[in-house]
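**Student:**
Number of protein chains: 4
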Amino acid sequence: MIQEGSYVLLFHTSRKKWLTRVNREKKVHTHIGVIDVSSIIGYEYGTIVKTSEGKIIHLVEPTIHDFIMKSERGTQIIYPKDLGFIVARTGLKSGSKVLEIGTGSGGLTTFLASIVKTNGHIYTYDINPNFIEIAKRNLEKAAMTPYVTMHLHDPRQGVHVQDADVAIVDLGDPWTMVSHVYQALKPSGAFVAICPTMNQLEKSAIELKQNSFIDVDCVELLIRNIEAREGMSRPSMRMVGHTTYLIFARKTSYGM
Amino acid sequence: MIQEGSYVLLFHTSRKKWLTRVNREKKVHTHIGVIDVSSIIGYEYGTIVKTSEGKIIHLVEPTIHDFIMKSERGTQIIYPKDLGFIVARTGLKSGSKVLEIGTGSGGLTTFLASIVKTNGHIYTYDINPNFIEIAKRNLEKAAMTPYVTMHLHDPRQGVHVQDADVAIVDLGDPWTMVSHVYQALKPSGAFVAICPTMNQLEKSAIELKQNSFIDVDCVELLIRNIEAREGMSRPSMRMVGHTTYLIFARKTSYGM
Amino acid sequence: MIQEGSYVLLFHTSRKKWLTRVNREKKVHTHIGVIDVSSIIGYEYGTIVKTSEGKIIHLVEPTIHDFIMKSERGTQIIYPKDLGFIVARTGLKSGSKVLEIGTGSGGLTTFLASIVKTNGHIYTYDINPNFIEIAKRNLEKAAMTPYVTMHLHDPRQGVHVQDADVAIVDLGDPWTMVSHVYQALKPSGAFVAICPTMNQLEKSAIELKQNSFIDVDCVELLIRNIEAREGMSRPSMRMVGHTTYLIFARKTSYGM
Amino acid sequence: MIQEGSYVLLFHTSRKKWLTRVNREKKVHTHIGVIDVSSIIGYEYGTIVKTSEGKIIHLVEPTIHDFIMKSERGTQIIYPKDLGFIVARTGLKSGSKVLEIGTGSGGLTTFLASIVKTNGHIYTYDINPNFIEIAKRNLEKAAMTPYVTMHLHDPRQGVHVQDADVAIVDLGDPWTMVSHVYQALKPSGAFVAICPTMNQLEKSAIELKQNSFIDVDCVELLIRNIEAREGMSRPSMRMVGHTTYLIFARKTSYGM
Numbered sequence: 005m006i007q008e009g010s011y012v013l014l015f016h017t018s019r020k021k022w023l024t025r026v027n028r029e030k031k032v033h034t035h036i037g038v039i040d041v042s043s044i045i046g047y048e049y050g051t052i053v054k055t056s057e058g059k060i061i062h063l064v065e066p067t068i069h070d071f072i073m074k075s076e077r078g079t080q081i082i083y084p085k086d087l088g089f090i091v092a093r094t095g096l097k098s099g100s101k102v103l104e105i106g107t108g109s110g111g112l113t114t115f116l117a118s119i120v121k122t123n124g125h126i127y128t129y130d131i132n133p134n135f136i137e138i139a140k141r142n143l144e145k146a147a148m149t150p151y152v153t154m155h156l157h158d159p160r161q162g163v164h165v166q167d168a169d170v171a172i173v174d175l176g177d178p179w180t181m182v183s184h185v186y187q188a189l190k191p192s193g194a195f196v197a198i199c200p201t202m203n204q205l206e207k208s209a210i211e212l213k214q215n216s217f218i219d220v221d222c223v224e225l226l227i228r229n230i231e232a233r234e235g236m237s238r239p240s241m242r243m244v245g246h247t248t249y250l251i252f253a254r255k256t257s258y259g260m
Numbered sequence: 005m006i007q008e009g010s011y012v013l014l015f016h017t018s019r020k021k022w023l024t025r026v027n028r029e030k031k032v033h034t035h036i037g038v039i040d041v042s043s044i045i046g047y048e049y050g051t052i053v054k055t056s057e058g059k060i061i062h063l064v065e066p067t068i069h070d071f072i073m074k075s076e077r078g079t080q081i082i083y084p085k086d087l088g089f090i091v092a093r094t095g096l097k098s099g100s101k102v103l104e105i106g107t108g109s110g111g112l113t114t115f116l117a118s119i120v121k122t123n124g125h126i127y128t129y130d131i132n133p134n135f136i137e138i139a140k141r142n143l144e145k146a147a148m149t150p151y152v153t154m155h156l157h158d159p160r161q162g163v164h165v166q167d168a169d170v171a172i173v174d175l176g177d178p179w180t181m182v183s184h185v186y187q188a189l190k191p192s193g194a195f196v197a198i199c200p201t202m203n204q205l206e207k208s209a210i211e212l213k214q215n216s217f218i219d220v221d222c223v224e225l226l227i228r229n230i231e232a233r234e235g236m237s238r239p240s241m242r243m244v245g246h247t248t249y250l251i252f253a254r255k256t257s258y259g260m
Numbered sequence: 005m006i007q008e009g010s011y012v013l014l015f016h017t018s019r020k021k022w023l024t025r026v027n028r029e030k031k032v033h034t035h036i037g038v039i040d041v042s043s044i045i046g047y048e049y050g051t052i053v054k055t056s057e058g059k060i061i062h063l064v065e066p067t068i069h070d071f072i073m074k075s076e077r078g079t080q081i082i083y084p085k086d087l088g089f090i091v092a093r094t095g096l097k098s099g100s101k102v103l104e105i106g107t108g109s110g111g112l113t114t115f116l117a118s119i120v121k122t123n124g125h126i127y128t129y130d131i132n133p134n135f136i137e138i139a140k141r142n143l144e145k146a147a148m149t150p151y152v153t154m155h156l157h158d159p160r161q162g163v164h165v166q167d168a169d170v171a172i173v174d175l176g177d178p179w180t181m182v183s184h185v186y187q188a189l190k191p192s193g194a195f196v197a198i199c200p201t202m203n204q205l206e207k208s209a210i211e212l213k214q215n216s217f218i219d220v221d222c223v224e225l226l227i228r229n230i231e232a233r234e235g236m237s238r239p240s241m242r243m244v245g246h247t248t249y250l251i252f253a254r255k256t257s258y259g260m
Numbered sequence: 005m006i007q008e009g010s011y012v013l014l015f016h017t018s019r020k021k022w023l024t025r026v027n028r029e030k031k032v033h034t035h036i037g038v039i040d041v042s043s044i045i046g047y048e049y050g051t052i053v054k055t056s057e058g059k060i061i062h063l064v065e066p067t068i069h070d071f072i073m074k075s076e077r078g079t080q081i082i083y084p085k086d087l088g089f090i091v092a093r094t095g096l097k098s099g100s101k102v103l104e105i106g107t108g109s110g111g112l113t114t115f116l117a118s119i120v121k122t123n124g125h126i127y128t129y130d131i132n133p134n135f136i137e138i139a140k141r142n143l144e145k146a147a148m149t150p151y152v153t154m155h156l157h158d159p160r161q162g163v164h165v166q167d168a169d170v171a172i173v174d175l176g177d178p179w180t181m182v183s184h185v186y187q188a189l190k191p192s193g194a195f196v197a198i199c200p201t202m203n204q205l206e207k208s209a210i211e212l213k214q215n216s217f218i219d220v221d222c223v224e225l226l227i228r229n230i231e232a233r234e235g236m237s238r239p240s241m242r243m244v245g246h247t248t249y250l251i252f253a254r255k256t257s258y259g260m
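Protein chains in written order, with the numbering used here: chain A, 5 to 260; chain B, 5 to 260; chain C, 5 to 260; chain D, 5 to 260.
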């Protein structure tokens, strides 16, 4: 049941939806009319209400996906296609211990926390206090604060994590973090880097191969929407052409 | 430390690797020589050993990804790009309650279990006893059995699940399951279908829109490898052109 | 040398460029200033002039590509990636005899004419007089009129062409034209259809296979821009996700 | 009518087809039986014959596309998707004067000649006499010899071409040819380079921008086959992930 303090996704269409925290005083103003938030207290998720202009609003219970897509942003977010592949490719799971270098707006942090909780943990580093603040607010909204330790600290000075299952680097120069990550990972632990440019990918791959990482795997993912309609289905005319390349590797022993 | 009964990924290169269960009697025969499994007992993961022909083998601790990619197969598996996106798009997380219709070889089941454990659960249905047996063996290897309930039962007769967070349909005719899934989902719960053909996608999208589902979203993901080499990085010449389309939707109230 | 009546591409950047016909009276008004067209008479192509606001304009000699991209449009145009592939896949060449069903705005007509001239010819059909008028103006600008015969005629009533090397169908229901095209093609002649939806592609492929066409080949082309910059090259974030599917086939004997 | 000396594509399926020159003595041996070439003399293209094992063979008249795809190869060929886009993007047409640097096996040469003939011409350079020989044989088969002048000459020493409409560079270091190509092009003429790696693309783009070329445009094309079948159409599982990047630019005046 929706209560004071609950989060609700006010859903009109896939492109017109608003994430809000329920508060007796709040009115959400949209171009399809006003939604009086106090009036939805006591309703179940899944109920339909109307705006002041009579437009339909579905009261949807927000998921981690909704929290991330509607999060406060200070940096480029990582897209769901890339978030999901990081988990599936590394085998990151409930209970995993994860090192994240480059907290940014905390979108990846939120997603990883939702998966590793309640027995796992995320240790995340950023040197920018603004990002740490934004990430903190985003984690709170999604109720992921207990599973994350945030460090306002330059990771190039070293990180205080041992035996991580997975380490994810989201910095402009990921290749500089290879030896620090090596120290922080458990044997067979996974390295991941977010590399928007080919240059970052190339430098990181070379550095990894020279520093006792194996199974170095560079990929990019493309996602395309399909417009499914009776007798005339076709891909959408617009798509995102590029978000980032991703690089994966695993720690092995020195001296290979 | 590697012990009798441990699983080890014997890694030579990204294309030459073998997943094995440690057993004093076992010898793994490969075209790069024999690996005497008894000799690795007592080693740490990350250690390097050699085959009878002197080729290097890294003793890698297998992840959920390795178990899935090296699983016994009775059906087409779902690829990591698709597995990961299902999680990221639906917000499926540690603690989720999931209905899976079409167990197949249990690859998706294994992956989902690794994420929802230990407080969540997977309820999976298949009418084919062979698939149920294969899936059972695959789940055991990956130690995911406690988090899964398997039903050898025709899901078209109805499913005994209530308040699921997410339901995933991997059958040839996913549109036939829409009303059963509606009953099984909690309000705002997510529907997912694996649709290899455009026809399956089109029929399922139409059925969902006519049956109180909103946010119907059809996508396909393409993954491309990049060969990162100094001064000559480029995408790989070969790639997988298609695995499946995916459809996502959310339950809302009747009578919308 | 640029003269009265010449066409010039006034090029500021790849996104800011204007195709104009030189006329002593004309002034081109843009948001980067006014270009006095009379002042460029007598210049060579490749010269640089300035707008009234001092912005640089390159006087570029327009190509067939420029004429098509800047053409007057009454319908969705066919993109260069698809135009080019039609030629490369069918082996259409200088001297070819081509049947086009569905003239539209004449972009494809213009392109094909530029290749088959001066010994080849395009015979094109459309039932819409507005399209025929638009196409006529577009062909005139690109100086391709002598190589094209236009028919304001319903192609479903039959077409008066024999021994065509290639026939290209750009209608909503291309499968209905299969038998007419069969009659119009020479032995081994090529059939091409522009099919924006999967349904059109599927129906056309089935019809072709049942009507003495072989080598039925269905494809789609994706084009992605790359932003090449020193040390930070990467694909563009935006791309076109879909224009059309294409289907190719060749005529063989009856009774196969 | 098929005669001694005619070329015929012996077509069984899209994957099983053989290009042959008709010769009374020749027998083509395949795993679906022997084809007695003397027996097809006098037949029309489009006729169906049988192998010694009773398998159907369509006698198809080969196109330029068939000659290129079945050509003798000494180097990586350029794919039809890339061949076609070069023509469509530059506006290359019947009558164009073209400079080609890097003849290779002559596939691109053959294609370009088929379009520029009979009033246009291709001037092509290669330093490797083996490639020149292979290209010569391939051009002869396709009857394109009259429209091509071949130079066994190092293009880095300069090229003797003036006022070319289009210049295409297919060498390992295309950026080294930028100033030579500038001299050879007419004002507004088009530069094209075939760049398999990102590094080649980046270096060439930088060099072009610094040397009086405008409209520098870097792209890659992806082609995917679709399997169109009644009620179950879908993209093919395999596709080519990468052939080459392409770069396009236009000559403008010095001192921009």
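Even glycine gets a Cβ: it sits at the ideal position worked out from N, Cα and C.
Does the stretch 102-120 of chain D come within contact of the stretch 174-183 of chain D, defined as at least 3 CB pairs closer than 8 Å?
**Tutor:** yes
**Student:** Given a cut-off of 9 Å, decide if C/K121 and D/G99 are closer than it, judged by their beta-carbon atoms.
**Tutor:** yes
**Student:** Under 8 Å Cβ-Cβ, which residues of chain D neighbour C/F195?
**Tutor:** In chain order: nothing, as chain D lies at least about 13 Å away.
**Student:** Roughly how far, in whole angstroms, is the beta-carbon of D/G95 from the beta-carbon of C/T128, given that I think they are within contact range, below 8 Å?
**Tutor:** In fact, because the Cβ distance is near 20 Å, the residues do not count as touching under 8 Å.
**Student:** Identify each residue in the stretch 138-165 of chain A for which the Cβ-Cβ distance to at least one residue of chain C is less than 8 Å, and report them in chain order.
**Tutor:** none
**Student:** Suppose only complete runs of 3+ residues qualify. What are the beta strand (DSSP E) ranges in the stretch 56-103 of chain A, listed by chain order?
**Tutor:** 60-64
**Student:** Examine chain B for any beta-carbon lying closer than 9 Å to the beta-carbon of C/M202, and answer yes or no.
**Tutor:** Interface flag for C/M202 against chain B is set, since a Cβ pair is found closer than 9 Å.
**Student:** Applying the criterion that 16 or more other CB atoms from any shown protein chain within 10 Å of the CB defines a buried residue, is A/T201 buried or exposed?
**Tutor:** buried
**Student:** Cutting at 6 Å between CB atoms, please list the residues of its own chain near B/V51, excluding the five before and the five after it.
**Tutor:** Reading off the sequence shown, one finds Thr at residue 51 of chain B, where the question assumed Val. In the same chain as B/T51, and ignoring 5 residues on each side of it, the C-beta atoms closer than 6 Å to its own belong to L63, in chain order.
**Student:** Using a Cβ-Cβ cut-off of 7 Å (strictly less than) and excluding sequence neighbours within five positions of C/T247, which residues of its own chain qualify?
**Tutor:** Y83, D86
**Student:** Who are the neighbours of C/D70 on chain D, taking C-beta pairs under 9 Å?
**Tutor:** G95
**Student:** Can you list, in chain order, the residues of its chain with a C-beta nearer than 6 Å to that of C/S10? Leave out the 5 residues immediately preceding and following it.
**Tutor:** If we look at C/S10 and ignore the five residues flanking it on each side, its Cβ neighbours are V26.
**Student:** Between the stretch 216-250 of chain B and chain A, which residues of the former have a C-beta closer than 7 Å to a C-beta of the latter?
**Tutor:** I218, D219, D221, C222, V223, E224, L225, L226, I227, R228, N229, I230, A232, E234, S237, Y249
**Student:** Quick one: what's got a C-beta closer than 7 Å to A/P191's C-beta in the same chain, skipping five residues either side?
**Tutor:** Cβ neighbours of A/P191 beyond the five flanking positions: K255.
**Student:** Chain B partners of A/G110, CB-CB under 8 Å?
**Tutor:** Here the premise fails: no neighbours, minimum Cβ distance about 15 Å.
**Student:** Hey, does C/L205 have any beta-carbon neighbour from chain D nearer than 9 Å?
**Tutor:** yes
**Student:** Sort D/F135, D/G111, D/I39 by Cα distance to D/A147 and report the nearest one.
**Tutor:** Of the candidates D/F135, D/G111, D/I39, the one whose C-alpha sits nearest the C-alpha of D/A147 is D/G111.
**Student:** Which one or two residues does DSSP pair with C/D219 in a beta bridge?
**Tutor:** Looking at the DSSP assignment, C/D219 forms no beta bridge with any residue, so it has no partner.
**Student:** Quick one: which chain C residues come within Cβ less than 8 Å of D/F115?
**Tutor:** A92
**Student:** DSSP puts C/P239 in a beta bridge; with which residues?
**Tutor:** C/I230
**Student:** Check the Cβ of B/K101 against every Cβ in chain A and list those closer than 9 Å, keeping chain order.
**Tutor:** Simply none; closest approach about 13 Å.
**Student:** Pick out the complete beta strand (DSSP E) segments inside the stretch 136-161 of chain A, 3 residues or longer, and give them in chain order.
**Tutor:** 152-156
**Student:** Taking only the alpha-carbon atoms, compute the straight-line gap between D/S56 and C/L226 and give it to the nearest angstrom.
**Tutor:** 43 Å
**Student:** Between D/R77 and the rest of its own chain, which residues show a CB-CB distance below 6 Å, the 5 nearest in sequence each way excluded?
**Tutor:** S109
**Student:** To test your reading of the DSSP string, which unbroken beta strand (DSSP E) runs of 3 or more residues are found completely within the stretch 20-55 of chain C?
**Tutor:** 20-25, 31-34, 37-40, 52-54
**Student:** Count the C-beta pairs between the stretch 227-243 of chain D and the stretch 204-212 of chain C that are closer than 8 Å, then say yes if the count reaches three, no if not.
**Tutor:** yes
**Student:** Is the shortest distance between the beta-carbon of C/Y295 and the beta-carbons of chain D less than 9 Å?
**Tutor:** Outside the displayed range of chain C (5 to 260) lies residue 295 of chain C, so it cannot be described from this structure.
**Student:** Provide the residue(s) that pair with B/L225 in DSSP beta bridges, ordered along the chain.
**Tutor:** In DSSP, B/L225 forms a bridge with A/I227.
**Student:** To which residues of the same chain is C/T180 closer than 8 Å at the C-beta, ignoring the five residues directly before and after it?
**Tutor:** R160
**Student:** What is the DSSP secondary structure of B/M260, counted as helix, strand or coil?
**Tutor:** A caution first: B/M260 carries a pLDDT of 44, below 50, which makes its placement in the model unreliable, though a value can still be read off. Of the three classes helix, strand and coil, the one that applies to B/M260 here is coil, per DSSP.
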